[in-house]
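Enquirer: To start, I am sharing the structure in question, which I have written as structure tokens.
2 protein chains.
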Amino acid sequence: MAKKQYHHGNLRDSLVASAHGILAAEGVPGLSLRKVAAHAGVSATALYSHFKDKRELLAVLAAQGFEQLTGLMASEAGKRAIRDGAAAPDLAGLALGYVRFATGNKALFQLMFGRETGNPKDYPYLQEASARCYGLMADAVAARLEQSGSADSPAVAATAAWSLVHGLSTLINDGRISAGTCELASNEALVLQACRMLTFAEAAQEPG
Amino acid sequence: MAKKQYHHGNLRDSLVASAHGILAAEGVPGLSLRKVAAHAGVSATALYSHFKDKRELLAVLAAQGFEQLTGLMASEAGKRAIRDGAAAPDLAGLALGYVRFATGNKALFQLMFGRETGNPKDYPYLQEASARCYGLMADAVAARLEQSGSADSPAVAATAAWSLVHGLSTLINDGRISAGTCELASNEALVLQACRMLTFAEAAQEPG
DNA sequence: ATCACAACTTTACAGTGTAAAGATGGGGTC
DNA sequence: GACCCCATCTTTACACTGTAAAGTTGTGAT
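This is the structure:
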């Protein structure tokens, strides 16, 4: 577990962990391969034995981020579902989880949706991780539409829902919108209010 | 107007124009000061007589982008308003203009909302330009709410509308959503459909 | 005619990603 | 147990980045 000499043992995981720490501490622009290598106690180019290039390392970070995001969304929705008797798929919970992750892991979120990581098509695990995340929301939207007998397209509704929470996340992170300008107590309240402005979300707000 | 020798004349505008061209041709990562300088026929550091640093140049580009965006939104909404008799503020037109700009000027749009340009607070003209753009949408949303007698908060509704179109724009640009997955003919159709899922937009869809 | 000063060039430096080639030592084979 | 292969790691080097510092140039004001 401690540092080895020439053959490190599992340098790959070590590098990912170092990168994760540096990313959280110094943001995307501060994440350089030399810093990662130094933090892992290894030479600057040792990385290339385990990753094709920087973008591949970032893709791994991003994929982990998507898994974390998926987990947070699911757990947040689960909590609220239990509290409210699980009458309906908890879209608001998923949205809250999404925004909470984005604002609590700004740099990682930026990386996940930035262009530094290269084309996700080149990294199947990345694409799968983000697909799972999107599926969580798409399924909930589809279930709610069906439940309320809506004729809206599930695909379009899911796209709209995702776009809304994603837009909220990025604009909040960029300091372009905030609870303050809407005279709300917290950004979470803003998210809940904004989600209520989606027709299908509002429709299911009152179970009766 | 042609190239001068030592004292260029208006190197500042020249640099901005060069940067604009390189940005459009090679994207944000391809936009280096040396390329800009070379394209303007000037030494690598001549730039620093007119800009504090790279971020200040990018801020000017971004501000111009916001003005262009504002213009496109207004013109698009105007076109549709005339066509439809201008019964209501054309939210869908503003949204279409927004997404059209984003997808038609990917690199510039990325720059406008990216972090390469530094804190907008340091560049008043940037902040003003983006505020004008946001105001266009906020005003339209407020007018529509009032017209439909809604009790919803105009600030929250405007935030939701902006978030939706912004989310759509970025996710489309990142290749994460597209008309294809929703079985629609074009991304513009997708935008229109998605906007219709906002409660206040739908309410005003039928003027009767 | 001179001078001051803004606009420009040259040079230099620290930092980046990464290609190429050399060093090292652990695992499999005899 | 001796051997060697080869993945793993180090060293060196290169092109590129933004930008600081100091030198040059020419214009407009005195």
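Here the protein sequences line up with chains A and B, keeping their order.
Add 968 to the 1-based position in the first sequence for the working numbering, that's all there is to it.
Add 968 to the 1-based position in the second sequence for the working numbering, that's all there is to it.
Idealized CB from N, CA, C, for every residue including glycine.
For the segment 1097–1117 of chain A against the segment 1100–1119 of chain B, are there 3 or more C-beta pairs whose distance is under 8 Å?
Expert: no
Enquirer: Answer yes if the segment 1072–1085 of chain A comes into contact with the segment 1120–1130 of chain A, meaning at least three C-beta pairs across the two stretches below 8 Å, and no otherwise.
Expert: no
Enquirer: Taking buried to mean at least 16 other C-beta atoms within 10 Å of its own C-beta, is Glu1151 (chain B) buried or exposed?
Expert: Stepping through the second sequence from its first residue, residue 1151 (chain B) is reached at position 183. Exposed is the call here.
Enquirer: Can you tell me whether Leu999 (chain B) is helix, strand or coil according to DSSP?
Expert: Here residue 999 (chain B) refers to the residue found at position 31 when the second sequence is read from its first residue. Three-state DSSP puts Leu999 (chain B) in coil, outside helix and strand.
Enquirer: Shorter than 9 Å from the beta carbon of Glu1044 (chain A) to some beta carbon of chain B?
Expert: For the purposes of this step, residue 1044 (chain A) is taken as the residue at position 76 of the first sequence. False, the Cβ-Cβ gap to chain B never drops below 9 Å.
Enquirer: For Arg1023 (chain B) and chain A, any beta-carbon pair shorter than 9 Å?
Expert: Locating residue 1023 (chain B) in the second sequence gives position 55, counting from the first residue. So, not an interface residue.
Enquirer: In angstroms with no decimal places, state the Cα-to-Cα distance between Tyr998 (chain A) and Leu991 (chain A).
Expert: The residue labelled residue 998 (chain A) in the question sits at position 30 within the first sequence. The residue labelled residue 991 (chain A) in the question sits at position 23 within the first sequence. It is worth fixing the name first, because residue 998 (chain A) is Gly in this sequence and not Tyr. Cα to Cα, Gly998 (chain A) sits roughly 7 Å from Leu991 (chain A).
Enquirer: Step through the CB atoms of chain B and report whether any lies within less than 9 Å of the CB of Ile1145 (chain A).
Expert: Residue 1145 (chain A) sits at position 177 when you count from the first residue of the first sequence. At least one chain B Cβ lies under 9 Å of Ile1145 (chain A).
Enquirer: Taking only beta-carbon positions, decide if Ala1123 (chain B) is within less than 9 Å of chain A.
Expert: Working through the second sequence from its first residue, we reach residue 1123 (chain B) at position 155. So yes, Ala1123 (chain B) belongs to the interface.
Enquirer: Tell me whether Asp1058 (chain A) is buried or exposed, calling it buried when 16 or more other Cβ atoms sit within 10 Å of its Cβ.
Expert: Indexing the first sequence from 1 puts residue 1058 (chain A) at position 90. The residue is buried, with at least 16 neighbouring Cβ atoms inside 10 Å.
Enquirer: Expressed to the nearest angstrom, what Euclidean distance is found between the alpha-carbon atoms of Pro1175 (chain A) and Ser982 (chain A)?
Expert: As a first step, residue 1175 (chain A) must be located in the first sequence, where it is residue number 207. As a first step, residue 982 (chain A) must be located in the first sequence, where it is residue number 14. Reliability fails at Pro1175 (chain A), whose pLDDT of 47 lies under 50, so the model's placement of it is uncertain and the value that follows must be treated cautiously. Cα-Cα distance, rounded: 49 Å.
Enquirer: Verify the CB distance criterion: does Arg1083 (chain A) have a CB-CB separation below 9 Å to chain B?
Expert: Here residue 1083 (chain A) refers to the residue found at position 115 of the first sequence. Closer than 9 Å to some Cβ of chain B, the Cβ of Arg1083 (chain A) qualifies, so yes.
Enquirer: In the DSSP output, what is Leu1166 (chain B) paired with across the bridge?
Expert: One-based indexing of the second sequence puts residue 1166 (chain B) at position 198. DSSP lists A:Leu1166 as partners of Leu1166 (chain B).
Enquirer: Under 9 Å Cβ-Cβ, which residues of chain B neighbour Phe1168 (chain A)?
Expert: Translated into the one-based positions of the first sequence, residue 1168 (chain A) becomes position 200. The contacting residues are Met1165.
Enquirer: Taking C-beta to C-beta, are Val996 (chain A) and Val1067 (chain A) nearer than 9 Å?
Expert: Counting from 1 along the first sequence, the entry for residue 996 (chain A) is found at position 28. Counting from 1 along the first sequence, the entry for residue 1067 (chain A) is found at position 99. No, they are not a contact pair.
Enquirer: Taking a contact to mean a Cβ-Cβ separation below 9 Å, would you say Leu1015 (chain B) touches Leu1025 (chain B) in this structure?
Expert: In the second sequence, the residue the question calls residue 1015 (chain B) occupies position 47. In the second sequence, the residue the question calls residue 1025 (chain B) occupies position 57. Cβ atoms of Leu1015 (chain B) and Leu1025 (chain B): closer than 9 Å.
Enquirer: Below 9 Å between beta carbons is the criterion; list the residues of the segment 1080–1110 of chain A that meet it against any residue of chain B, in chain order.
Expert: Along the segment 1080–1110 of chain A, going in chain order, the ones with a CB nearer than 9 Å to a CB of chain B are Phe1081, Gly1082, Arg1083, Glu1084, Asn1087, Pro1088, Lys1089, Ser1098 and Tyr1102.
Enquirer: Check each candidate in A:Arg1002, A:His1018 and A:Phe1019 and name the one with the smallest Cα separation from Ser1011 (chain A).
Expert: Counting from 1 along the first sequence, the entry for residue 1011 (chain A) is found at position 43. Here the closest residue by C-alpha is A:Arg1002.
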